[in-house]
Amino acid sequence: MRKFNIRKVLDGLTAVSAAASASSAAQQQQAGNRETEIQETLQSEHFQLCKTVRHGFPYQPSALAFDPVQKILAIGTQTGALRLFGRPGVECYCQHDSGAAVIQLQFLINEGALVSALADDTLHLWNLRQKRPAILHSLKFNRERITFCHLPFQSKWLYVGTERGNIHIVNVESFTLSGYVIMWNKAIELSSKSHPGPIVHISDNPMDEGKLLIGFESGTVVLWDLKSKKADYRYTHDEAIHSVAWHHEGKQFICSHSDGTLTIWNVKSPTKPFQTITPHGKQLKDGKKPEPCKPILKVEYKTTRAGEPFIILSGGLSYDTVGRRPCLTVMHGKSTAVLEMDYSIVDFLTLCETPYPNDFQEPYAVVVLLEKDLVLIDLAQNGYPIFENPYPLTIHESPVTCCEYFADCPVDLIPALYSVGARQKRQGYSKKEWPISGGNWGLITQSYPEIIITGHADGSIKFWDASAITLQVLYKLKTAKVFEKSRNKDDRPNTDIVDEDPYAIQIISWCPESRMLCIAGVSAHVIIYRFSKQEVTTEIIPMLEVRLLYEINDVESPDGEQVPPLPTPGTGSNPQSIVPQSHPSTSSSSSDGLRDNVPCLKVKNSPLKQSPGYQIELVIQLVWVSGEPPQQITSLAVNSAYGLVVFGNCNGIAMVDYLQKTVLLNLGTIELYGSNDPYRREPRSPRKSRQPSGGLCDINEGTAVPEDRCKSPTSAKMSRKLSLPTELKPDLDVKDNSFSRSRSSSVTSIDKESREAISALHFCETFTRKNDTSPSPCLWVGTTLGTVLVIVLNLPPGGEQRLLQPVIVSPSGTILRLKGAILRMAFLDTTGSLVPPAHEPWREHNVPEDKDEKDKSKKRRPVSVSPSSSQEISENQYAVICSEKQAKVISLPSQNCIYKQNITETSFVLRGDIVSLSNSICLACFCANGHIMTFSLPSLRPLLDVYYLPLTNMRIARTFCFTNNGQALYLVSPTEIQRLTYSQETCENLQEMLGELFTPVETPEAPNRGFFKGLFGGGAQSLDREELFGESAAGKASRSLAQHIPGPGGIEGVKGAASGVVGELARARLALDERGQKLGELEEKTAAMLYSADSFSKHAHEMMLKYKDKKWYQF
């Protein structure tokens, strides 16, 4: 265990910040030496930053593929992301560096490889035989745009169709072009005067690999003979083609068209279609053509041994179905089922029993990729039920507005949440197992429970089990059901302060030990919930209305009293209005006709049935004041041991006793200071030019140095419209601390943004004043001006007395200051361990207690895990305070600042958390400039400073959070959560924890040709593609056509993954190579690997010439 050495600073820190941190630490060293020296165990080598997993639905999906043997699903997106799904719990995320949209994906079936085609006309070969897939080869087309790709089963030659109507052929082993090209002008009729359009389809005849079916957008289809290099048949149709599909016997194919029709063609009858179907067209009586419908974007034609074939299609609805949801149509024999989808269909695939195109397909399910969902339909059951989706793809069911992350929770929490959540599950799913079942799970090296809570725009809250890098929904709570819903927009009260999503969750405060939950919503409402396993019916929902106003008058208002008297429901003179049980609206308008004393939302006044899970304890709403809407809540805290909830906004602070259902404190921010207010506050006018203010300096340091403040949100958890920092200029030279007061309570929007808001709240048991000899319960309040104020809580004894005697609340007079808005506060004991806030253990409240239990509860005191309560009086505590600009450690009760760290000069901290790691604790910060930093405690030594991610949008700021054991997360897109770790140990174990996508599986046997077909030459005709497309026969492709780029897969590439039928010998060798390489697979990209990859690319051409007569697996 090494003691703190001031000279040790992190390598790689900039000279400026290193000098700054060293000098600031040196200034504090003398003060620090006087305190008890705490041994710190965390060093910079304990930290490393890396992404772990990404959960949720792939944002803006664009392509879909399935490996029917490996049973793995791949989804590509418009931002170049690739998501791979195996069995539940096996997921993988990869990213194309270019960020171009994925237009098509093709598996090398049962080979552990995948080809992706991108909108920037590149092809990439991915090796899926490693836990983190890597690109082995890339091919960039220079002169033509890729529109369609086709890779026949067990072939190494990939057909690539282009916008010009040509087809190029790529060898997927070497990722080089063949000299064999099918030119559009050779494929179509010579007499044709127009260009046939881009290639929209390529496939080989299931019974004859030598015949290639080519679909052109204009409506022309060509059957091309690869050997004779000419067209056998040409099929022309007036309507544009969107897709083509074969019957497995190779005698018929089906086309889908832009007028909503399907045409079925006999291969040998090119003059006209054998049959034309308009699935959704109205048949007209006089034999006329049906009315045109919307385009059928895709069709699949799948056969069964026992019955009629399936024709499955997307689109094709008639034009008069306005407002109808997107549909998938399943035609089976004479029945047609139209399956409505919630979102538009991006793509779909039919899952079949066989990978061979020339066998009966036996379809059993359809995977439908929607814009915001993934649906699997069971084709084998009547009514086509859907499978229950086991992946966590519903994060975005309603947009996420905030989230919190808790690692190392009490072990009984996840089972408790799961048991109440299990009752919420929908019925009517398919009874079959989820068919995407490939891959294997990784080893579980982390054994602690992790919970993620997401708050949503519709007022719902979801609890997720996030243990061991997986994600599973546990329980969903709908907070909006307590309010009356307006039926339509006209019906809406004009008290709304937001145009849409009035129930959106802004802040979540949760105590895992007591299971108390408190939320703040966008309509200035706070709801407190208790957890119960019993169902209850609440006759009358308990609620309070609070009048929180920003008023500076010459005459002291009742709000200004330091200790407001305990209000009772009958007292009308108090500034707080306690709403009687019948919920009448106090008054709808004041004397001058302005809206007054009305909340934004109306609480239901009918009995509310509450299921097991989270049940309402109390609803608190801020009300309109003289035509001014209530301001959104900026901070929130709940404490189960004290029975208190506190919240604040830019007007002030309110504290509520949720056991007695009374308001204890209702003060404007200015009243909190009493006579100690250091700021000159003047009434503002929007006409005045506003000078950027100086940053607030520490009062203890005496001098204020003005500096440019960069714009920042005052709290990372404020509304979507995060307000800018306050710009009230401190005037520290004024001795009398007086401030001029405005008579008006109605203020401009500029003023609202410049007011001092409450930005952080923390309940604790600590020393409140300098001369305190023992710790006591208190509330620490942080503001956007960098001030920390302490409020003393005088709690009555437990048991029945707690419900009868009032809680006394009084400001302590203690004021501390930092630069920038306060973000987070925490407390350490003399050994440097974290002192968690006191909490009450969870118990079931809806079961009547027996006599013994009552006696126990009388004696029960809140669990304060603070060691300080048993310590001698002489021992002290440390307050850790983190603001947007700096962090300080303050010794208590002396209130000396013993350590200080200026975190950032030019940016601001968005999120700061005090977290535990490796049996110690540290401060973790995420800055708006994209840096993630950690500091030791209490000395605030820099331990990690890594540039991770620039703040590109407010979603990241609103959702980024750190938690214990080196875990962190944020919403990387509207539908996905990105998890990361800053722990060296987790980074090292990550490779073991990740699941494996590729598992060795035998390829099913090819269909039996039968005696007579074998005798008379029927059945599938094979083709030696090597003979046709190889360099000796086809020559070399033009070098300017496409450029080969070796991928970063390194040695994996040489080993990796090719196509064709892999022999048993090659399989064994690959397995041996993989085993030998497991240890350092991805994390250690050593010089040897780089050298190997480099020399491989240099000598690729020579090797190809040298070994051209050998089969690929003999290398």
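Residue -9 is where the sequence shown starts when you use the numbering used here, and the numbers rise one by one after that.
Quick reminder that beta carbons are idealized off the backbone N, C-alpha and C, glycines included.
Ranked by Cα distance from Gly432, the first of Leu141, Asn979, Asp1014 is Asn979. Every beta strand (DSSP E) of 3 residues or more that sits fully in the region 757 to 790 is shown, in chain order, as 766 to 773, 777 to 784.
Boundaries of the beta strand (DSSP E) around Glu966: 966 to 973.
Contact between Ala877 and Leu900 fails: their C-beta atoms lie close to 14 Å from each other, not under 8 Å. Secondary structure note for Pro932: its beta strand (DSSP E) is the uninterrupted segment 932 to 937. Around the beta-carbon of Arg73, 16 or more other beta-carbon atoms lie within 10 Å, marking it buried. Ranked by Cα distance from Thr319, the first of Ser325, Gly313, Leu329 is Leu329.
By the C-beta density criterion, Leu303 is buried, having at least 16 other C-beta atoms within 10 angstroms. Residue burial is scored here from C-beta neighbours: Ser1030 has fewer than 16 other C-beta atoms within 10 angstroms and is therefore classed as exposed. Of the residues assessed, Gly209 falls on the buried side of the cut-off, its CB having 16 or more other CB atoms within 10 angstroms. Below 8 Å, too few C-beta pairs join the region 363 to 370 and the region 931 to 944 to call them touching: fewer than three. Here DSSP, grouped into helix, strand and coil, assigns Ser184 to coil. Gly1037 is positioned such that its CB atom lies no closer than 8 Å to that of Ile136.
Per DSSP, reduced to three states, the secondary structure at Gly902 is strand. By the Cβ criterion, the region 444 to 459 is not in contact with the region 626 to 643, since fewer than three pairs of Cβ atoms, one from each stretch, lie closer than 8 Å.
By the criterion of a C-beta distance shorter than 7 Å, Ile335 is surrounded in its chain by Ser304, Pro316, Leu318, Val358, Leu360, once the five residues flanking it on both sides are discounted. When C-beta atoms of the region 97 to 113 are compared with those of the region 457 to 469, fewer than three pairs fall below 8 Å, so the two segments do not count as touching. According to the DSSP assignment, Phe1019 belongs to the alpha helix (DSSP H) that extends over 1015 to 1019. In its chain, beyond the 5 residues on either side, Ile385, Thr965, Glu966, Ile967 have a beta carbon closer than 6 Å to the beta carbon of Gly46.
Fewer than three pairs of CB atoms, one per stretch, sit closer than 8 Å, so the region 345 to 355 makes no contact with the region 34 to 49.
In the structure shown, the three-state DSSP call for Val472 is helix. DSSP places Ser601 outside both helix and strand once states are collapsed to three, so it counts as coil.
Per DSSP, Tyr669 lies in no alpha helix (DSSP H) and is assigned neither H nor E. Boundaries of the alpha helix (DSSP H) harbouring Met944: 944 to 949, taken from the DSSP string.
In the DSSP assignment, no residue is bridged to Val410. Secondary structure of Leu793 (DSSP, three-state): helix. Counting the other Cβ atoms within 10 Å of the Cβ of Ile880 gives 16 or more, which makes it buried.
Annotation: the continuous beta strand (DSSP E) that includes Ile517 extends over 515 to 522.
The beta-carbon distance between Lys217 and Gly200, rounded to whole angstroms, is 5 Å. This is short enough to meet the 8 Å contact definition. A direct Cα-to-Cα measurement between Leu167 and Asp491 gives close to 54 Å.
Under the DSSP assignment, Ala124 falls outside any alpha helix (DSSP H), being part of the beta strand (DSSP E) whose first and last residues are 124 to 131.
Restricted to the region 334 to 359, the beta strand (DSSP E) segments that are unbroken, complete and at least 3 residues in length are 335 to 342, listed in chain order. Its Cα nearest to that of Asp215, the residue Leu1013 stands out among Leu1013, His191, Ser1028, Gly1020. By the Cβ neighbour-count rule, Gln265 is exposed, with fewer than 16 other Cβ atoms within 10 Å of its own. When Cβ pairs closer than 8 Å are counted between the two stretches, the region 952 to 959 is seen not to touch the region 50 to 65, the count staying below three.
His127 is positioned such that its CB atom lies no closer than 8 Å to that of His86.
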